[in-house]
Amino acid sequence: AESVCVNLGGDIRVTRQKHSTHDWPIQIMSPTEPQTAVCTISLAEGAVATSHINARHRADRGIEQHIASAAKESPAVIATSVIASTASWAEAWTKYAIFHDLNLIESAGLAAMTIDAGGNIMETSTWKEFVR
Numbered sequence: 786a787e788s789v790c791v792n793l794g795g796d797i798r799v800t801r802q803k804h805s806t807h808d809w810p811i812q813i814m815s816p817t818e819p820q821t822a823v824c825t826i827s828l829a830e831g832a833v834a835t836s837h838i839n840a841r842h843r844a845d846r847g848i849e850q851h852i853a854s855a856a857k858e859s860p861a862v863i864a865t866s867v868i869a870s871t872a873s874w875a876e877a878w879t880k881y882a883i884f885h886d887l888n889l890i891e892s893a894g895l896a897a898m899t900i901d902a903g904g905n906i907m908e909t910s911t912w913k914e915f916v917r
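Just so we're aligned: 822 in the working numbering is position 37 of the sequence shown, and the numbers increase by one with no gaps anywhere.
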């Protein structure tokens with residue numbers, strides 16, 4: 786295969802051989818309308834992860850929030866996507882971006898997009914490089 790795309794529980798990791806020109810189209814879905822794509826990115830090498838603050842159901846504990854910060858009551862951001870070199874880094878940075886602005890993410894050389902409760906989309910300047 787010239788390229789591969791692996792879904793790691795919702796986090797996506799892609800890679801390709803050096804001579805390949807294949808990119809993978811990946812839809813970023815709306816946190817409030819799960820059947821609607823907010824955008825489609827094109828990824829040739831690296832990973833993308835998306836996190837949102839929607840509550841999750843745990844069989845042993847019922848419905849609970851799975852992202853929390855001792856420093857902040859409730860985040861203004863409801864979803865974030867981060868493109869990084871690995872899926873684990875992308876996932877870790879999505880949690881940071883829920884509670885902080887995108888400046889540090891961009892200074893780390895990563896691309897990110899956040900959506901706030903009003904549906905407003907904020908992006909790092911590098912995010913646009915990946916949008917189809």
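Every residue, glycine too, gets a C-beta built ideally from N, C-alpha and C.
Check whether the region 814-834 touches the region 861-875, counting contact only when three or more Cβ pairs, one atom from each stretch, lie closer than 8 Å. yes
Proximity winner among Cys824, Thr899, Glu818, relative to Phe915 (alpha-carbon distances): Cys824
Which residues in the same chain have their Cβ closer than 7 Å to the Cβ of Trp912, if we skip the five residues on either side of it in sequence? Ala896, Ala897, Met898
Cβ pair Ile838, Val867 closer than 8 Å: no
Do Ile863 and Ala822 have their CB atoms nearer than 8 Å? no
Please identify the residue among Glu787, Leu887, Ser827, Thr909 whose C-alpha is closest to the C-alpha of His804. Glu787
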